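For the sequence shown, our numbering assigns the number 47 to the initial residue and increments by one for each residue that follows. What follows is a single structure, written as structure tokens, with notes after it.
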Amino acid sequence: MDYLLRPSEQYKSDQTLTISGSKSESNRLLILQALFPKITIDNLSDSDDTRHLKKALQHHTGTIDIGHAGTAMRFLTAYYASTAGSEVILTGSDRMQQRPVKILVDALLELGAQIEYLNNEGYPPLKITGKELTTSKVDINAGVSSQYISALLLNASKFKNGLELSLKGNLTSRPYIEMTTKLLQEIGAFQSWEKNENEEVITITSPSQLKQHQFTVESDWSSAGYWYSWVALQAVGYQIELHNYKKDSLQGDKRLVEVYESFGVLTTFMGNGIRLEKVNHTLPEVLEFDLTDIPDQAQTIFVTALGLKVELKLKGLHTLKIKETDRIEALKLMGLRFRESVINTTHDSLHLLPSTLKTITDPVEIETFNDHRMALAFAPLSCKVPLMIKDAGVVTKSYVSFWDHLKSLNVPIAEI
């Protein structure tokens with residue numbers, strides 16, 4: 047299914063959108079609920095990733111196929127490995143079988159787990175025979191994927207002897223680890239997080255009694271990013287509201303508030319949500335952001351800068367190469383379809399040089415590469431140029447209602 051999007055004369059302003067619960071928060075709570083069944087969860091994400099994880103947790107034997115859901119792969123690897131009686135083959139899509147899990151598997155093997163690679167060493171599919179893990183100390187490289195760390199911490203809340211996890215190197219996506227430890231603290235499993243010069247050590251124990259068992263998931267800040275981009279690309283005075291967002295959010299992508307001030311978007315917290323408004327603002331000659339803590343916003347920020355014709359320097363992108371696609375390369379390939387300019391990249395950075403958007407009358411094809419964030423991030427640019435979003439249904443991985451929300455603002459969308 048491909049979608050054709052064209053610019054419109056007038057978009058609806060002052061609309062209120064309600065985005066489903068945070069995928070990151072939902073997935074962490076689902077693991078904790080599987081470990082502690084008394085936990086109840088309201089406003090779960092309706093994303094494919096969360097649905098895959100919820101369905102998988104109902105089974106402890108046989109083949110479990112989680113499709114493109116990377117978080118589910120990491121969290122379930124640790125869950126099944128530490129759940130006595132589980133015996134599964136954990137697999138996923140072709141791309142999932144190219145995404146590494148070795149660092150996580152090595153840590154679990156050191157803790158006493160029984161895991162075998164069925165095809166290529168270091169990659170799914172995995173044959174996992176669950177057992178009680180009693181070893182209580184392990185080290186892990188902190189600079190590769192925060193999901194490896196969260197997978198160990200979440201499941202350690204049920205380990206007989208707890209876990210002392212030493213993080214070696216520079217920690218990436220720190221807010222996601224902080225979200226994990228905050229939820230563990232709320233159920234009574236978090237003990238300490240000591241930060242030394244060469245390592246950080248997090249200690250988790252199994253709570254004798256749950257401190258909290260009722261949770262309501264906040265709406266997804268990662269998905270809010272596309273609306274920040276949309277508002278940034280509109281005329282001064284345009285505004286929309288997003289429901290169910292909190293000033294004291296657990297989600298690291300709340301940093302969008304600060305980032306998009308640089309693009310002229312003012313955020314106002316009010317009651318149970320936020321208002322985004324495009325205000326008078328002079329763009330700096332160059333915008334620079336270190337996205338080590340919020341790498342999932344790289345595509346969104348890139349497209350905003352593309353549409354506003356501003357020079358952009360991004361760094362801290364090293365985890366993007368092992369996502370649903372190599373996102374750095376994908377952005378370069380798609381970005382060059384819009385600009386008579388140069389886009390320079392390294393393994394962890396991207397530099398978008400200034401130039402004007404080409405005069406475009408025919409739709410620009412946006413290849414999504416099985417990556418939901420490619421479709422979601424580029425869609426706001428349809429207010430400037432016509433777009434053909436290939437495989438538009440891929441957005442259900444994280445944001446099921448996105449196209450309906452876009453249509454509600456008078457964006458012309460036609461299925462091709």
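The C-beta atom is built at its ideal place from N, Cα and C for all residues, glycine as well. Computed from a predicted structure; not experimentally measured.
C-beta contact flag for residue i and residue j at 9 Å
i: ILE21; j: SER59; result: The structure shown does not extend to residue 21, since the chain is modelled only from 47 to 462, so the question has no answer here.
i: HIS105; j: VAL134; result: yes
i: ASN201; j: ALA124; result: yes
i: LEU81; j: SER203; result: yes
i: SER139; j: HIS114; result: yes
i: GLN237; j: ASP266; result: no
i: LEU452; j: LEU51; result: yes
i: ILE250; j: GLU240; result: no
i: GLU370; j: ASP417; result: yes
i: THR86; j: HIS259; result: yes
i: ILE223; j: PRO253; result: no
i: PHE415; j: VAL349; result: no
i: LEU155; j: LEU199; result: no
i: PHE205; j: SER128; result: yes
i: LEU382; j: GLU413; result: no
Supposed contact pair residue j and residue i - C-beta distance, whole angstroms, cut 8 Å
i: LEU136; j: ILE195; result: Not confirmed; about 19 Å, so no contact.
i: TYR272; j: PRO426; result: 6 Å
i: VAL388; j: GLU357; result: Wrong, their Cβ atoms sit about 11 Å apart, outside the cutoff.
i: ALA235; j: PHE121; result: At roughly 16 Å, the Cβ-Cβ gap does not stay under 8 Å, so ALA235 and PHE121 are not in contact.
i: MET225; j: SER70; result: 6 Å
i: GLY158; j: LEU179; result: 5 Å
i: LYS345; j: LEU377; result: In the sequence as presented, Lys is not what sits at residue 345; that position holds Gln. Indeed, because the Cβ distance is near 6 Å, the residues count as touching under 8 Å.
i: LEU256; j: LYS84; result: 6 Å
i: TYR49; j: ILE374; result: Not really, about 25 Å apart at Cβ, beyond 8 Å.
i: MET47; j: GLY439; result: 5 Å
Cut-off 7 Å between Cβ atoms - residues of its own chain near residue i, not counting five sequence neighbours on either side
i: GLU411; result: MET434, LYS436
i: VAL325; result: VAL282, GLY310, LEU312
i: ASP185; result: SER212, LYS214
i: LYS183; result: GLU210
i: TYR422; result: A small correction: the amino acid at residue 422 is Leu; Tyr does not occupy that position in the sequence shown. Closer than 7 Å at Cβ, skipping near neighbours: TYR272, VAL441, TYR445, PHE448.
i: THR262; result: ASP88, ASN89
i: LYS443; result: SER93, ASP94, ASP95, HIS114, HIS418
i: LYS293; result: PHE315
Proximity test, Cβ basis, 9 Å: residue i and chain C
i: PRO330; result: Absent from the structure is chain C; it holds one protein chain and no more.
Enclosing beta strand (DSSP E) for residue i [first to last residue]
i: GLU323; result: 319-324
i: VAL247; result: 245-250
i: GLY395; result: The question names Gly, yet the displayed sequence has Ser at residue 395. Note, SER395: beta strand (DSSP E), 395-398.
i: LEU358; result: 357-361
i: GLY108; result: 107-111
i: ILE435; result: 433-435
i: ILE65; result: Looking at the DSSP string, ILE65 is not in any beta strand (DSSP E), and its letter there is neither H nor E.
i: MET420; result: Unbroken run through MET420 is the alpha helix (DSSP H), 418-424; no beta strand (DSSP E).
i: THR314; result: 311-316
i: ASN390; result: 389-391
i: GLU287; result: 285-289
Residues near residue i in its chain [Cβ-Cβ closer than 8 Å; skip 5 each side]
i: THR62; result: ILE286, GLU287, LEU288, HIS289, GLY319
i: SER42; result: Residue 42 lies beyond the stretch modelled for the chain, which goes from 47 to 462, so this question has no answer here.
i: LEU399; result: GLU357, SER387, VAL388, ILE389, ASN390
i: MET119; result: ILE112, LEU136, GLY138, MET142, ARG145, VAL147, PRO170
i: ASP408; result: PRO432
i: THR117; result: LYS69, SER70, ASN73, ASP95, LEU99, GLN193
Endpoints, the alpha helix (DSSP H) within which residue i is located
i: THR226; result: 220-233
i: PHE348; result: 344-354
i: ASP152; result: 148-156
i: GLU374; result: Here residue 374 is Ile; the residue named in the question, Glu, does not match the sequence. Taken as a continuous stretch (DSSP letters only), the alpha helix (DSSP H) holding ILE374 covers 373-381.
i: GLU461; result: No alpha helix (DSSP H) contains GLU461, which is instead part of the beta strand (DSSP E) from 459-461.
i: TYR125; result: 116-127
i: THR181; result: That residue, THR181, is in no alpha helix (DSSP H); it is neither H nor E in DSSP.
i: HIS98; result: 94-102
i: GLN258; result: That residue, GLN258, is in no alpha helix (DSSP H); it is neither H nor E in DSSP.
i: HIS451; result: 448-453
i: GLU307; result: 302-307
Own chain residues within Cβ distance below 6 Å of residue i, not counting five before or after
i: ILE65; result: SER265, ASP266, SER269
i: GLN143; result: TYR169, PRO170
i: THR314; result: ARG321
i: ILE110; result: ALA102, VAL134, LEU136
i: LYS300; result: TRP267
i: GLY67; result: ASN89, LEU90, SER91, VAL263
i: CYS429; result: PRO53, LEU279
i: GLU246; result: LEU213
Proximity test, residue i beta-carbon vs the ligand SAH heavy atom, cut-off 8 Å
i: LEU179; result: The model on display carries no ligand, and the ligand SAH is accordingly not part of it.
Contact between the region 212-228 and the region 177-191 (3+ Cβ pairs under 8 Å): Under the three-pair Cβ rule at 8 Å, the region 212-228 counts as touching the region 177-191.
Given 8 Å, three or more beta-carbon pairs between the region 297-312 and the region 449-462: no
The region 275-283 / the region 344-362 touching (three or more Cβ pairs under 8 Å): yes
Touch test, the region 323-340 against the region 356-373, Cβ-Cβ under 8 Å, three pairs minimum: yes
Stretch-stretch touch, CB-based, cutoff 8 Å, three pairs: the region 160-175 with the region 143-152: At 8 Å Cβ cutoff, the stretches touch.
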